[in-house]
Amino acid sequence: MGNILKIASRNLMRYRRRTLLTSALVVLGIVAVMVFVAVAGSFKAMMVGQITDSMLGHLQVHRRGYVASLDSLPLNLNMPAGMADKVSGVLGSTPEVAAWTSRVKFGAGFSNFAETTNIRVVGIEPERELAVTPLSAGRVRGGREGGAFLQKGEILVPELLARGMKVKVGDTVVLIATNKDGSVNGKTLTVRGELASVTGPGGRDGYIHIEDARELLRMTTPEVSEIAVRLKDPEAAERVVTALEPALGASKSKDVQAKKAGGGSGLGIEVHSWQRLTPFSNIANMIDMMTLFIKIMLVSIVLISVMNVMVMAVYERIREIGTISAIGTPPRRVLSLFLAEGLILGLVGAVLGTGLSLLTIYGLNAAKLTFNFGQQQGLVLTPSIGAQDVIVIAGIVVLVAVLASLQPAWKASRMDPVQALRHV
Amino acid sequence: MSLVQAEKLTKSYQAGEIVVNAIRGVDFTIEPSSFVCFVGPSGSGKSTLLNMIGCLDHPSGGKLSVLDTDVGSLDRHAAAQFRGKYIGFVFQDFNLLPVLTAYENVEYPLVMVQRWEPAERRKRVMAMLDAVGVADQAGKYPGQLSGGQKQRIAVARALVASSKLVLADEPTANLDHDTAIRIIELMKSMRSEFGTTFVFSTHDPKIMAEAETTFALEDGKLSRNGR
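Take a look at the structure:
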C-alpha cells in the first residue's frame, strides 16, 4: 500500500498545477459547505431557541382537540386536575424532560377604567415558566429591578397593548372574563411590566399568575389548558413525542377523527413538538433543505473535478499503463494505483478544507456578527460545527473522490497492453 | 526441452473492414539460454510474434507453448501472472516510469508484481544495477539519464525478477550505433551470467549479426528458419 501511495502521489505531483487547481476546488467546496452548515446551524438554533425559550417550550401537552381550536382558547377543552396530574407524573418519570409548567389560557376584556379592549391571557406558574422558557424574563420591559418574574395580583401587559391603552408600570387594570359556564367575573391587577412581543403563536399574549387566572375563571378544581415542556436535548423533540404518546395514552392528531369515531381510549391527550406548533419549523426545514442542496453541490464539484483529473491522467499515461501491465502488474493493482490518486486528492482536500473551514468559523465568531429576528434585535451569530458534521462532510469528500476515480481506474485496469503500448 | 515452441501459429486481426493476417502459420522453437533475433521489414509481423510469445496477445490459430504452458489458453489475469513470473520486457522507447528513480524502476517488479522482502529486494536491485553498469545512477530519474543508461536500466528491470525469458522489441532502434552494440553485448553477457533466454527483434543488419539464432519474417511467414 505504501508503494502504491508513493507512486500515486508522485504522479499527482507530475501535473502540479492541475492537481493544485483540483485540490483548491475541493478545498473551496468543503469550506463553503462547512461554513454554511455552521452559520445556518447557528441561525437555526438561535431562531428555534428564540421561539421555544421565549414562549413555546420544546413540547406542549393538551387535551385532545385543543390545538385545533387554539384560536378560540376553548375553556371546555382544558385538562381536568386529575388528567394534568397524570401527565405531570409521566413527564416526571421521563429522563429526557428537563422541566415542565402548567398554563391556563383564555380570552378576556382588558380595561384601564377609561377604555376596554380584548386581550389573550396566559396564567402561568412564574418559577416553573422560567425553567421551561428561560428567555421569558428578558421579555419584561420596565417595572421593578430584580425580584420575582410575576407575583399574584400582577399582570405583564403585551407591549403593543400597553402603548395602545396608555397603561404604565404600577397602573391598575381590570380583566373581565367569561368562564366555561358563561359566568362573567372581573379582577383588578397591577401592571408589573410590559411584555415584549416574540415571533410565533402566543407571542403577543399577556401573563398573569395561574392562581389569579383560576380565580378569575372561577375554577373549582385546578384545570390546565396546556403543559409546556423543556427537554434536555431540543433535537430530541420528535423522538420524545413518539415515546410520550403511548405513555400518555395519547393519539397523533391525524388519528383523532378515527379515535373519536371509535370512542378512543387512554387519557385523551395530544402531544405536539414545537415543530408542529409553529410555522417557523418550515424555516428550519428550509435551512436543512438548503444544507442538503449545498452538500449535493459539494459532491458534484468533487465528483466532476476529480473525475476530470483522473480521466486526463489515464489518457495521458496510456503507454505507462501498457508498460506496467506488460511487466505483469495485476489489473487490480493498476486499479489501486489510480484509486489511490483519487484518495490522495480527496484526503488532502478534506484535511486542508476542514482546517480552513474551522479557521473561517473561528474568525466569524471573533467578528461577532449580529442579525435581527422578528422583534429581537442584535442577536449575535455564533457559528459552530459539530465533530459529527465535520467527519461526515470530510468522509463524503474522500468517498466521492475515490468513487470519481473508479471509472477511469477501471478503464486503466482493463486496458489491452498491446493497444496501450502502441498508443502515441 | 524447448523454451518456446510454435506450431502452425497464426494471428489475424480486424483493421476497419479488412482482415489482416499478421502471422500465417509459422513453426519455430527457441531453446533455453539462447540469444535469438527476429528480423524483417516493418509490418512483417515481428512485434505481433513477440507480443504472442510474451502473452500480451492471443494467437488466432495453431499452438504456442512457452515454458510448457499453452499461452493461448491463459486468461487476462493468468497471463499477467505468467508474465510477472517468467517474462521480462525491454521496449524500444525504454518505457521507464518517469516518476520513479532508476533504482525504483528496477525495484518495481519486485514490489508491484512479486512480493520480495525489503532487505532481499535492496540487495537484488543493487546487484542488477551493478551488473548493467549503472549503479552510480540509482538515484536519478529517467529524465536525467541518457538513452543508453535508460536501456540498461530497462534490461535490469527485465531481469530483476529472475525472468526465464526476456523479450525486446527493437531495443536499439532509438540508440546510436555504438550504444546499440553495447546494449546487445550487455544483453548477451546477462544471458551468460543468468542463463536467461533473450529474444529480440530488429531490422538493423549489424545488430542481427550479434544474434546466435535468427528468424527472418516476411509478410507473416518465416522465410529463413533459424541459423
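In order, the protein sequences belong to chains A and B.
Note that the numbering used here numbers the first sequence so that position 270 is 1264, with each residue one more than the last.
Note that the numbering used here numbers the second sequence so that position 1 is 23, with each residue one more than the last.
C-beta: ideal position from N, C-alpha, C; glycine also.
Distance between beta carbons of residue j and residue i, contact taken as under 8 Å
| i | j | result |
| --- | --- | --- |
| V1084 (chain A) | L1238 (chain A) | 7 Å |
| A1402 (chain A) | V1308 (chain A) | Here residue 1402 (chain A) is Pro; the residue named in the question, Ala, does not match the sequence. Sure, about 4 Å apart at Cβ, within 8 Å. |
| Y125 (chain B) | S185 (chain B) | About 19 Å separates the two Cβ atoms, so there is no contact after all. |
| S1063 (chain A) | L1053 (chain A) | That pair is no contact at about 19 Å. |
| A44 (chain B) | G67 (chain B) | 5 Å |
| V1134 (chain A) | L1155 (chain A) | Rounded, the Cβ-Cβ distance is 14 Å, inconsistent with contact. |
| L1333 (chain A) | S1399 (chain A) | 5 Å |
| V1098 (chain A) | S1219 (chain A) | 5 Å |
| E1335 (chain A) | L1006 (chain A) | 6 Å |
| A1320 (chain A) | F111 (chain B) | 5 Å |
Selected residue, minimal CA-CA separation from residue i, among the options
| i | options | result |
| --- | --- | --- |
| L1375 (chain A) | A:Q1044, A:S1130, A:I1298 and A:E1310 | A:Q1044 |
| T91 (chain B) | B:F104, B:K228, B:R204 and B:R179 | B:F104 |
| K1080 (chain A) | A:D1065, A:L1069, A:S1096 and A:S1066 | A:S1096 |
| M1306 (chain A) | A:L999, A:R1012 and A:I998 | A:R1012 |
| G242 (chain B) | B:R46, B:E142 and B:A183 | B:R46 |
| A1207 (chain A) | A:E1314, A:E1335, A:L1069 and A:A1395 | A:L1069 |
| V1027 (chain A) | A:G1349, A:G1316, A:F1365 and A:R1058 | A:G1349 |
| M134 (chain B) | A:L1189, A:G1322, A:P1228 and A:A1108 | A:G1322 |
| V1396 (chain A) | A:V1300, A:R1416 and A:E1109 | A:V1300 |
| P1152 (chain A) | A:G1180, A:V1185, A:I1170 and A:N1179 | A:V1185 |
| I1387 (chain A) | A:N1005, A:Y1009, A:V1031 and A:A1002 | A:V1031 |
| K1162 (chain A) | A:L1183, A:T1172 and A:T1354 | A:L1183 |
| T1317 (chain A) | B:A190, B:A141, B:D198 and B:S211 | B:A190 |
| A1222 (chain A) | A:G1132, A:V1020, A:V1116 and A:S1066 | A:V1116 |
| I205 (chain B) | B:G170, B:T218 and B:V188 | B:G170 |
Contact with chain B by residue i, beta-carbon distance below 7 Å
| i | result |
| --- | --- |
| P1273 (chain A) | no |
| R1004 (chain A) | yes |
| R1270 (chain A) | no |
| K1248 (chain A) | The predicted model places K1248 (chain A) with a pLDDT of 48, which falls under 50 and marks its position as unreliable; any figure quoted below should be read in that light. Not closer than 7 Å to any Cβ of chain B, the Cβ of K1248 (chain A) fails to qualify, so no. |
| I1321 (chain A) | yes |
| P1228 (chain A) | no |
| V1412 (chain A) | yes |
| T1317 (chain A) | yes |
| R1011 (chain A) | no |
| R1311 (chain A) | no |
| P1324 (chain A) | yes |
Exposed unless 16 or more other CB atoms sit within 10 angstroms - verdict on residue i
| i | result |
| --- | --- |
| I229 (chain B) | buried |
| R1157 (chain A) | exposed |
| R1311 (chain A) | buried |
| A1252 (chain A) | Confidence at A1252 (chain A) is low in this model, with a pLDDT of 42, below 50, so its placement is unreliable and the value that follows should be read with caution. With fewer than 16 other Cβ atoms within 10 Å, it is exposed. |
| V41 (chain B) | exposed |
| N1366 (chain A) | exposed |
| Q114 (chain B) | buried |
| Y1201 (chain A) | buried |
| N1112 (chain A) | exposed |
| P193 (chain B) | buried |
| E1109 (chain A) | exposed |
| T118 (chain B) | It should be noted that the sequence gives Leu, not Thr, for residue 118 (chain B). With 16 or more Cβ atoms within 10 Å of its Cβ, L118 (chain B) is classed as buried. |
| Q1145 (chain A) | exposed |
Residue i versus residue j: straight-line alpha-carbon distance, rounded
| i | j | result |
| --- | --- | --- |
| S1407 (chain A) | W1268 (chain A) | 55 Å |
| K1405 (chain A) | G1340 (chain A) | 20 Å |
| M1304 (chain A) | V1392 (chain A) | 15 Å |
| A1414 (chain A) | G1035 (chain A) | 51 Å |
| V128 (chain B) | I1385 (chain A) | 40 Å |
| L1373 (chain A) | N1302 (chain A) | 44 Å |
| G155 (chain B) | N73 (chain B) | 28 Å |
| A1241 (chain A) | S1082 (chain A) | 12 Å |
| H99 (chain B) | L1358 (chain A) | 56 Å |
| G1228 (chain A) | S1105 (chain A) | Here residue 1228 (chain A) is Pro; the residue named in the question, Gly, does not match the sequence. For P1228 (chain A) and S1105 (chain A), the distance between alpha carbons rounds to 39 Å. |
| E29 (chain B) | E215 (chain B) | 30 Å |
| S24 (chain B) | P63 (chain B) | 27 Å |
| S1003 (chain A) | I1298 (chain A) | 20 Å |
| R1416 (chain A) | R1313 (chain A) | 7 Å |
| Q159 (chain B) | E53 (chain B) | 34 Å |
| A1039 (chain A) | G1262 (chain A) | 32 Å |
CB contact check: residue i to chain A, cutoff 7 Å
| i | result |
| --- | --- |
| M134 (chain B) | yes |
| V42 (chain B) | no |
| D79 (chain B) | yes |
| F111 (chain B) | yes |
| N127 (chain B) | no |
| A102 (chain B) | yes |
| N196 (chain B) | no |
| P164 (chain B) | no |
Heavy atom of the ligand COA within 6 Å of residue i beta-carbon
| i | result |
| --- | --- |
| L71 (chain B) | What this structure holds is no ligand at all, so the ligand COA is not there to describe. |
Any chain C beta carbon closer than 7 Å to residue i
| i | result |
| --- | --- |
| V121 (chain B) | No chain C is part of this structure, whose protein chains are labelled A and B. |
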